[in-house]
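J.:
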Amino acid sequence: MLPLRATQTRLGHVIMRRNLQKQARNYSSMKGSSSTSSISKAIKYIGFASVVGAPVWLLMNTRDKVPRLESPTTEHLVVGRGPSRDEVTRIISQNAYSFQVKNVAGVSRYDGAQLASNNPCEDRFIHGKFPSPWNHGNQWMAWAVLDGHAGWQTADLLEKQLLPFVRHSLSQVGSASGEGFVSDELVQRAITKGFMNLDESIVNIGSDAFQSTEPLQDKVKKLALGYAGSCALLSLYDPATSTLHVACTGDSRAVLGQKRPDGKWEAIPLSVDQTGDNPEEVARLNKEHPGEEEIVKGGRVLGMMVSRAFGDCRWKWPLEMQKIMVQKFYGVAPLTPQYDFRTPPYLTAEPVVISTKIDPTKPSFLIMATDGMWFTLSNKQSVDLVGKWVESQSAPKKNLEPEPKYESFDFGQYWKGVNWKFVDERMTIQDGNAAVHLSEDKTIGCASTGAKW
């Protein structure tokens, strides 16, 4: 076939040249219509030559990048082994970080780790220091875990803008009170205002979309911030007053570990999970929406596990607006008719803010983590784990012990009364990062961070 195709290609070129030469000789005596016809034929010949010539080049060229499927033939299934302990540690450590802190009185270091439970990961985190909101010349510390759901967009926005919104509110408090003392209550109000202002901006994206003349793709990108949602747990440390301010919206949790005189570690909760299982949250919702008895059912708020969150505007936008969004922007369907949706908003981003004085004479650390960790660890267990890790850093290094052996396990044992949560007897201390250590011992997806005083 190759010689034949090559011959056809050459013939094509020969015919093309002869026709063009003939047209050139007779051009002055030809009529317009005849000239047009001849040129049309020449174009056809050119097309013929190109189409036939392409396969020749493709077949003759041996330097291609097509994958070679040359695995040995077999009739046996080959499956690799599951991850080893070292491989699990490597996976958990991929997004880990650890920083020694200087020039911030009271904070010596902080560690963090993120283990995604889905892809793309919907969680984000914030960590670092920033100038005092009141220009006192010192640096504050900030840490946050942002647990996204129904998409990564809202958590991603919070990672970039939650702290700037809060800092703006704090700076206004400082300006109003002068250079003097700012009470914890004023700080709490400012943090709350920052949270609420940011969420209001997200909610307003819906009404803005109707009036905007932006391209459709820009509107849809902004609306995604409202359809997705995120919990937020933000901690701010003021070294001038040794005060830790913890703001919680959702069900991520903060726990303070503090060493007692007897050498044991005490677990002090600095936040409360805001879910449909929290009686105080249920009472608040019933008060805000009288006569709507079905708001909280099965521990969920119209199907949502948390009772407070950023975004999640299907629980906040008016029903009629949502119906129009479905038509104009192919938005996500409203909660109706599955749920009795009458008087939104049913969710709020208003945080509960708790301020705590840190005693510099007592060894302390803060644990912050999304709900994934708390499904398997209690407050006390997490504090004990980190406490033993802290003590191990100053203890003499022991000889490496052989890796313990355990009996074969599968999740069917849960149905036989086996506790599926963390078991103290299986605790290990094998990492230089406290957050990775915590993740290894609980082995479930979450974002976590911790600070040590």
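For the sequence shown, this note's numbering gives the first residue as 1291, with consecutive numbering after it. Backbone N, C-alpha and C define an ideal beta-carbon position, used for all residues, glycine too.
#1: What ranges does the beta strand (DSSP E) occupy inside the segment 1421-1478, keeping only unbroken runs of at least 3 residues that lie completely in it?
#2: Starting from Glu1556, follow the beta strand (DSSP E) in both directions and report where the run begins and ends.
#3: Could you spell out where the beta strand (DSSP E) holding Arg1399 opens and where it closes?
#4: For Ile1657, which option in Asp1474, Val1680 and Gln1612 has the closest C-alpha, if you only look at C-alpha atoms?
#5: Please state whether DSSP places Asp1528 in a helix, a strand or coil.
#6: Can the beta-carbon of Thr1444 be found closer than 7 Å to that of Ser1520?
#7: Indicate whether Glu1730 and Ile1382 have their beta-carbon atoms separated by less than 7 Å.
#8: Using C-beta distances below 8 Å, list every residue in its chain close to Leu1453, excluding the 5 sequence neighbours before and after it, in chain order.
#9: When we look at the beta-carbon of Ser1318 and count the other beta-carbons within 10 Å, is it buried (16 or more) or exposed?
#10: What separation, rounded to the nearest whole angstrom, lies between the Cα atoms of Ser1561 and Val1642?
#11: May I ask which residues mark the beginning and end of the alpha helix (DSSP H) holding Ser1542?
#12: Going by the DSSP bridge assignment, what does Lys1587 pair with across the sheet?
#13: Check Tyr1517 in the structure and name its three-state DSSP category.
#14: Which one of Lys1678, Leu1515, Val1676 and Glu1504 has the shortest CA to CA distance from Lys1450?
#15: Determine the direct distance from the alpha carbon of Tyr1400 to that of Ser1682, and round the result to whole angstroms.
#16: Provide the residue(s) that pair with Lys1419 in DSSP beta bridges, ordered along the chain.
#17: Skipping 5 residues on each side, what residues in its chain have a beta carbon closer than 7 Å to that of Gly1370?
#18: From Gln1548 to Asp1563, what does the alpha carbon distance come to, in whole angstroms?
#19: Under 8 Å, with one C-beta from each stretch per pair, do the segment 1663-1674 and the segment 1566-1576 reach the 3-pair mark?
#20: Over what stretch of residues does the beta strand (DSSP E) that includes Val1643 continue unbroken?
#21: Roughly how far, in whole angstroms, is the beta-carbon of Ser1654 from the beta-carbon of Asp1474, given that I think they are within contact range, below 8 Å?
#22: Pick helix, strand or coil for Val1369, following the three-state DSSP scheme.
#23: Where does Ser1361 sit, in a helix, a strand or coil, going by DSSP?
#24: Enumerate in chain order the residues of its own chain whose CB-to-CB distance from Trp1607 is below 6 Å, with the five nearest sequence positions on each side excluded.
T.: Quick answer:
#1: 1429-1439
#2: Trp1555 to Pro1559
#3: Arg1399 to Leu1405
#4: Val1680
#5: strand
#6: yes
#7: yes
#8: Ile1416, Phe1420, Ala1432, Ala1434 and Leu1524
#9: For Ser1318, the pLDDT reaches just 44, beneath the cut-off of 50, and the residue's location in the model is therefore unreliable, leaving the point undetermined.
#10: 8 Å
#11: For Ser1542, there is no enclosing alpha helix (DSSP H), as DSSP gives it neither H nor E.
#12: Beta-bridge partners of Lys1587 (DSSP): Arg1590.
#13: In the three-state reduction of the DSSP assignment, Tyr1517 falls in the helix class.
#14: Leu1515
#15: 16 Å
#16: Met1431
#17: none
#18: Computed Cα separation, rounded: 21 Å.
#19: no
#20: Val1642 to Lys1647
#21: The pair is not a contact, with the Cβ atoms about 18 Å apart (cut-off 8 Å).
#22: coil
#23: Three-state DSSP puts Ser1361 in coil, outside helix and strand.
#24: Gly1496
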